[in-house]
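*Asks:*
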Amino acid sequence: EAGVAQSPRYKIIEKRQSVAFWCNPISGHATLYWYQQILGQGPKLLIQFQNNGVVDDSQLPKDRFSAERLKGVDSTLKIQPAKLEDSAVYLCASSLVARAGTEAFFGQGTRLTVV
Amino acid sequence: GQQVMQIPQYQHVQEGEDFTTYCNSSTTLSNIQWYKQRPGGHPVFLIQLVKSGEVKKQKRLTFQFGEAKKNSSLHITATQTTDVGTYFCAGPPLSSGSARQLTFGSGTQLTVLP
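Now the structure itself:
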């Protein structure tokens, strides 16, 4: 079974530039998560989709971050404009459904460096 | 909002010693999941506990969910160098309904000295 695919693996941009990350979850997984993991910290949930609907985006900095999952399958996360503090690993995860008993499967992540 | 804290933040042990990490949530959890993240890797699911007071074992790892479903622990017996990594607990608050936001703890970074 193919895992969660993310691209790119690494990205270096200057502050105030824009960047986009792509995620393809495991086939059939209805729930998709985007997490931000700053070095030395636990993953912080940015946004959670159930199919193509948003169920939680309370921690997404909406003035600069946006995410979409148009067809309920793959998803993109965009940052515009980037700030230095956005340097982190952006992890995408998916699960069969968002309920008890369903583990989240993570992709390899995209390491973003903002200079 | 919900906060999930873990202690200790770092732990260095000699190979063969035991290790325990504790997870505490500010809110009652629907369930608790444990993940392991190797250096440079991504979180990998270890186990899920659902019932109050539940205890599960995986070889040398013992997981416990508190009676109030607000805390949990992971105990590793006789650590090995392959146990190196950061251990995270994660769980959706009971009040989240069908949304089941998966909030991660701060993690415990385990170093095993040979």
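Sequence lines, in order, name chains S and A. Going by this note's numbering, the first residue of the first sequence is number 1, and it counts up by one from there. Going by this note's numbering, the first residue of the second sequence is number 1001, and it counts up by one from there. Glycine included, each C-beta is placed from N, C-alpha and C at the ideal position.
Proline 43 of chain S and phenylalanine 1104 of chain A look like a contact to me (Cβ under 8 angstroms); what is the Cβ gap, rounded to whole Å?
*Replies:* Numbered from 1 along the first sequence, position 43 holds the residue referred to as residue 43 of chain S. Numbered from 1 along the second sequence, position 104 holds the residue referred to as residue 1104 of chain A. Proline 43 of chain S to phenylalanine 1104 of chain A, Cβ: 5 angstroms. Contact.
*Asks:* Based on the DSSP output, what are the partners of proline 1093 of chain A in its beta bridges?
*Replies:* As a working mapping, residue 1093 of chain A is identified with position 93 in the second sequence. According to DSSP, proline 1093 of chain A bridges with A:Leu1029.
*Asks:* Is phenylalanine 1065 of chain A closer than 8 angstroms to glutamate 1054 of chain A when the C-beta atoms are compared?
*Replies:* For this step, residue 1054 of chain A is matched to residue 54 along the second sequence. For this step, residue 1065 of chain A is matched to residue 65 along the second sequence. Against a cut-off of 8 angstroms, the Cβ pair of phenylalanine 1065 of chain A and glutamate 1054 of chain A comes out as a contact.
*Asks:* So, with DSSP's three-state summary, where would you put threonine 1079 of chain A?
*Replies:* Your numbering for residue 1079 of chain A matches position 79 in the second sequence. Three-state DSSP puts threonine 1079 of chain A in coil, outside helix and strand.
*Asks:* Does any residue of chain A bring its CB to less than 8 angstroms from the CB of leucine 91 of chain S?
*Replies:* Within the first sequence, the letter at position 91 stands for residue 91 of chain S. For leucine 91 of chain S, the answer is yes, since a Cβ of chain A falls inside 8 angstroms of its Cβ.
*Asks:* Pick from A:Thr1027, A:Gln1006, A:Gln1003 and A:Leu1049: whose alpha carbon is nearest that of threonine 102 of chain S?
*Replies:* Residue 102 of chain S sits at position 102 when you count from the first residue of the first sequence. Considering only alpha carbons, the answer is A:Leu1049.
*Asks:* Return the CA-CA distance between lysine 11 of chain S and lysine 83 of chain S, expressed in angstroms with no decimal places.
*Replies:* Taking the first residue of the first sequence as 1, we reach residue 11 of chain S at position 11. Taking the first residue of the first sequence as 1, we reach residue 83 of chain S at position 83. Approximately 14 angstroms, taken between the alpha carbons.
*Asks:* Does the beta-carbon distance from alanine 5 of chain S to leucine 96 of chain S come in below 8 angstroms?
*Replies:* Indexing the first sequence from 1 puts residue 5 of chain S at position 5. Indexing the first sequence from 1 puts residue 96 of chain S at position 96. No, the pair does not count as a contact, with Cβ atoms beyond the cut-off.
*Asks:* Can you tell me the Cα-Cα spacing of threonine 1027 of chain A and leucine 1094 of chain A, whole angstroms?
*Replies:* If you number the second sequence from 1, residue 1027 of chain A lands on position 27. If you number the second sequence from 1, residue 1094 of chain A lands on position 94. Taking the straight line joining both Cα atoms gives about 8 angstroms.
*Asks:* What did DSSP end up calling glutamate 85 of chain S once you bin it into helix, strand or coil?
*Replies:* Locating residue 85 of chain S in the first sequence gives position 85, where the first residue counts as 1. If DSSP states are grouped into helix, strand and coil, glutamate 85 of chain S belongs with the helices.
*Asks:* Is lysine 78 of chain S helix, strand or coil by DSSP?
*Replies:* Position 78 of the first sequence, counted from the start, is the residue given in the question as residue 78 of chain S. Correct three-state label for lysine 78 of chain S: strand.
*Asks:* When the Cα atoms are used, what is the spatial distance from leucine 70 of chain S to tyrosine 1035 of chain A?
*Replies:* Against the first sequence, residue 70 of chain S aligns to sequence position 70. Against the second sequence, residue 1035 of chain A aligns to sequence position 35. Cα-Cα distance, rounded: 29 angstroms.
*Asks:* Compute the Euclidean distance between the alpha carbons of threonine 1111 of chain A and tyrosine 90 of chain S, then round it to the nearest angstrom.
*Replies:* Reading the second sequence from its first residue, position 111 is the one you call residue 1111 of chain A. Reading the first sequence from its first residue, position 90 is the one you call residue 90 of chain S. Distance between the alpha carbons of threonine 1111 of chain A and tyrosine 90 of chain S: 24 angstroms.
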